[in-house]
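Novice:
There are 2 protein chains.
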Amino acid sequence: MIRRLSQARERGIPEATVARLPLYLRALNGMAERGLATVSSEDLAVAAGVNSAKLRKDLSHLGSYGTRGVGYDVEYLIYQISRELGLTQDWAVAIVGVGNLGRALANYGGFVSRGFRVAALLDADPEVVGDHIAGLTVEHVDELEAVIRRRAVSIVVLATPGAAAQQLADRVIAAGVTSILNFAPVVLAVPEGVDIRKVDLSIELQILAFHEQRKTDRMTGGPAMAEEWPEAVDL
Amino acid sequence: MIRRLSQARERGIPEATVARLPLYLRALNGMAERGLATVSSEDLAVAAGVNSAKLRKDLSHLGSYGTRGVGYDVEYLIYQISRELGLTQDWAVAIVGVGNLGRALANYGGFVSRGFRVAALLDADPEVVGDHIAGLTVEHVDELEAVIRRRAVSIVVLATPGAAAQQLADRVIAAGVTSILNFAPVVLAVPEGVDIRKVDLSIELQILAFHEQRKTDRMTGGPAMAEEWPEAVDL
DNA sequence: CCCACTTTGTGCACCGGTTCACAAAGGGAC
DNA sequence: GTCCCTTTGTGAACCGGTGCACAAAGTGGG
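Structural data, given as structure tokens:
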């Protein structure tokens, strides 16, 4: 991949920084609503739950948008971060799978607020097709490719059972989509150039359980040598 | 914090490894269902979507459970990972906030499957309290502390609007809960020793949008020097 | 204009995590 | 028992990201 860019400033923003920009944006929007004109890195960092040095380094990757001795202009910084994240344009999102989760996502206000527009709902169940949810009519998943093209969908949210996810991912990718948010509990195989993000409720709970166990173990005096495969269990 | 453990093997499992163990577990369960007795690090790594060296190093933190020249015993490894994650015990989970998302979570099968049991649903809306969802009756959030104690809840899922989340977090922590899965779009402040995990749909979409913009920019020849605050916008 | 004060932007040391590459260990054939 | 093949477990180099600490830059008061 060629790395030559016309900009003098190299535009390689670290992934970890990108993941935090939405956090800063949210904190800044709260501040703008409360009428603050400027904010220091220290205050913004506290509001976003990070340390101030990290915040300053993150922002420095976008450019030099602060004023020493003063801080950052709230509105200006909101604009710069929004632009960097691509939220100044509007993104058509299709939700595939209109079960409990798909419905929740369709009705979730947080989507619409910032540049995202739910443009289509699709499902395979004839029982569900035709339902009206969040101002949209559920379409049959057979129409997937046509809908993606017609509505200029660029981001697809997969909220289907695990078994269907890979096949659907293949189809949306074939239809030209390169950004997928996957809620199905499977590891999707995708070609180079396609971005997948995964949200897995069950994994999050398991991570919590690990730490919870660790905490209670500590109080009750450790795992009591339970290192071995118990006799009772059958290999 | 005292770091003396009776075990010879130091039990400090890296956070990154903990986050992948559920992935391995899922892949292994699939293999067990298909009747595989043993699996090599290479095959398991492919199924989990990681590289095999990483997989082996991850598993080595749990102990030396493989056989050189052969691979890992599927059932045995399932047991070891489950035990490490604390899934051999059952965890009572309370879901606070029974809106669209809370309902979806309550009905989500993936919870129950592995050691987790939804033990309570709570909401502030009198309209919702008393509803029967997934075999449970929604209780009023005033009962929060009593319910946590009575049902021995150790993990709380917050699926409320952002405005209510911090206050509710404070209450569940005061009631003795130290593991929280937060879906509300706010940064929660919590004391030392409390584990928070956050799932934020809007942030995931924004990260996708960033990369999507980057990809389309590349095709259309870059951001065309759009570095400056446009004249039209009012500071 | 100059000085004291505030706050940004960043060089640098550090740290956790990833990857490579290989020695060690076990299995199976003969 | 010996040899060859497979696959694990891990030392070591590497890499991205974090946090400290400070110089540079700007503000406001006198």
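Top line first, the protein sequences correspond to chains A and B.
By the numbering used here, the letter at position 173 of the first sequence is numbered 173, and the numbering carries on one by one without gaps.
By the numbering used here, the letter at position 99 of the second sequence is numbered 1099, and the numbering carries on one by one without gaps.
Ideal Cβ placement from N, Cα and C applies to all residues, glycine included.
#1: Alpha carbon to alpha carbon, how far is residue 1211 of chain B from residue 1048 of chain B?
#2: So which residues of chain B does residue 220 of chain A contact, with C-beta pairs closer than 8 angstroms?
#3: Just to make sure I have the definition right: I need the residues of chain A whose C-beta is within less than 9 angstroms of the C-beta of residue 1048 of chain B. Which are they?
#4: Count the other C-beta atoms from every protein chain shown that fall within 10 angstroms of the C-beta of residue 41 of chain A, then say buried if there are 16 or more, exposed otherwise.
#5: Using a Cβ-Cβ cut-off of 8 angstroms, state whether residue 60 of chain A counts as contacting chain B.
#6: Verify whether the separation of the beta carbon atoms of residue 114 of chain A and residue 1206 of chain B is less than 8 angstroms.
#7: At least one CB of chain B closer than 8 angstroms to the CB of residue 190 of chain A: is that the case?
#8: Out of curiosity, what's the CA-to-CA distance linking residue 1195 of chain B and residue 203 of chain A?
#9: Can you check whether the C-beta of residue 203 of chain A is within less than 8 angstroms of a C-beta belonging to chain B?
#10: Indicate whether at least one CB of chain B lies closer than 8 angstroms to the CB of residue 212 of chain A.
#11: Alpha carbon to alpha carbon, how far is residue 1127 of chain B from residue 1016 of chain B? Give it in angstroms, no decimals.
#12: What residues are listed by DSSP as bridge partners for residue 108 of chain A?
#13: Could you name the residues of chain B that residue 78 of chain A contacts, counting a contact when the two beta carbons are closer than 8 angstroms?
#14: Span of the beta strand (DSSP E) holding residue 1094 of chain B?
#15: Would you mind sorting residue 1100 of chain B into buried or exposed? The rule is 16 or more other CB atoms within 10 Å of its CB.
#16: For residue 1155 of chain B, would you say it is in contact with chain A, using Cβ-to-Cβ distances shorter than 8 angstroms as the test?
#17: Within 10 Å of its beta-carbon, does residue 1143 of chain B have 16 or more other beta-carbons around it, so buried, or fewer, so exposed?
#18: What residues in the region 1096-1119 of chain B bring their beta carbon closer than 8 angstroms to a beta carbon of chain A?
#19: Quick check on the DSSP output: what are the complete beta strand (DSSP E) runs of length 3 or more inside the region 133-201 of chain A, in order along the chain?
#20: Per DSSP, residue 1071 of chain B forms a beta bridge with which residues?
#21: Since residue 106 of chain A and residue 148 of chain A should fall inside the 8 angstroms C-beta cutoff, what is the C-beta to C-beta distance between them, to a whole number of angstroms?
#22: For residue 30 of chain A, tell me which candidate among A:46, A:119 and A:18 has the shortest Cα-Cα distance.
#23: At what residues does the alpha helix (DSSP H) containing residue 23 of chain A begin and finish?
Specialist: Taking the coordinates as given:
#1: For this step, residue 1211 of chain B is matched to residue 211 along the second sequence. For this step, residue 1048 of chain B is matched to residue 48 along the second sequence. Those two C-alpha atoms are separated by around 24 angstroms.
#2: Residue 220 of chain A sits at position 220 when you count from the first residue of the first sequence. The premise fails here: residue 220 of chain A is roughly 12 angstroms from chain B at the closest Cβ pair, so nothing lies under 8 angstroms.
#3: On the second sequence, position 48 is the one that residue 1048 of chain B refers to. Residues of chain A passing the Cβ test: 187.
#4: Position 41 of the first sequence, counted from the start, is the residue given in the question as residue 41 of chain A. Buried: at least 16 other Cβ atoms inside 10 Å.
#5: Here residue 60 of chain A corresponds to residue number 60 of the first sequence, with the count starting at 1. For residue 60 of chain A, the answer is no, since every Cβ of chain B falls outside 8 angstroms of its Cβ.
#6: Working through the first sequence from its first residue, we reach residue 114 of chain A at position 114. Working through the second sequence from its first residue, we reach residue 1206 of chain B at position 206. A contact, by the Cβ cut-off of 8 angstroms.
#7: The sequence position of residue 190 of chain A within the first sequence is 190, counting from 1. Not closer than 8 angstroms to any Cβ of chain B, the Cβ of residue 190 of chain A fails to qualify, so no.
#8: Translated into positions along the second sequence, residue 1195 of chain B becomes position 195. Translated into positions along the first sequence, residue 203 of chain A becomes position 203. Answer to the nearest angstrom: the Cα atoms are 15 angstroms apart.
#9: On the first sequence, residue 203 of chain A is found 203 positions in, with the first residue counted as 1. Interface residue, yes.
#10: Counting from 1 along the first sequence, the entry for residue 212 of chain A is found at position 212. Taking Cβ atoms only, chain B reaches closer than 8 angstroms to residue 212 of chain A, which makes this a yes.
#11: The count along the second sequence starts at 1 and reaches residue 1016 of chain B at position 16. The count along the second sequence starts at 1 and reaches residue 1127 of chain B at position 127. Each residue's alpha carbon lies about 42 angstroms from the other.
#12: On the first sequence, residue 108 of chain A is found 108 positions in, with the first residue counted as 1. Bridge partners of residue 108 of chain A: none, in fact.
#13: The residue labelled residue 78 of chain A in the question sits at position 78 within the first sequence. Within chain B, no residue comes near residue 78 of chain A; the closest Cβ sits about 11 angstroms away, beyond 8 angstroms.
#14: In the second sequence, residue 1094 of chain B corresponds to position 94, counting from 1. Start and end: 1091-1096.
#15: Within the second sequence, numbered from 1, the residue matching residue 1100 of chain B stands at position 100. Residue 1100 of chain B is buried by the Cβ-count criterion.
#16: For this step, residue 1155 of chain B is matched to residue 155 along the second sequence. Taking Cβ atoms only, chain A reaches closer than 8 angstroms to residue 1155 of chain B, which makes this a yes.
#17: For the purposes of this step, residue 1143 of chain B is taken as residue 143 along the second sequence, with counting starting at 1. It counts as exposed.
#18: 1099, 1100, 1101, 1103, 1104, 1105, 1107, 1108, 1110, 1111, 1113, 1114, 1115 and 1116
#19: Runs of the beta strand (DSSP E) inside the region 133-201 of chain A: 136-140, 155-158, 179-182 and 195-198.
#20: As a working note, residue 1071 of chain B is residue 71 in the second sequence. Looking at the DSSP output, residue 1071 of chain B bridges to B:1067.
#21: Here residue 106 of chain A corresponds to residue number 106 of the first sequence, with the count starting at 1. Here residue 148 of chain A corresponds to residue number 148 of the first sequence, with the count starting at 1. Not confirmed; about 17 angstroms, so no contact.
#22: Taking the first residue of the first sequence as 1, we reach residue 30 of chain A at position 30. Considering only alpha carbons, the answer is A:46.
#23: By one-based count along the first sequence, residue 23 of chain A stands at place 23. 15-33 is the span of the alpha helix (DSSP H), which, as asked, contains residue 23 of chain A.
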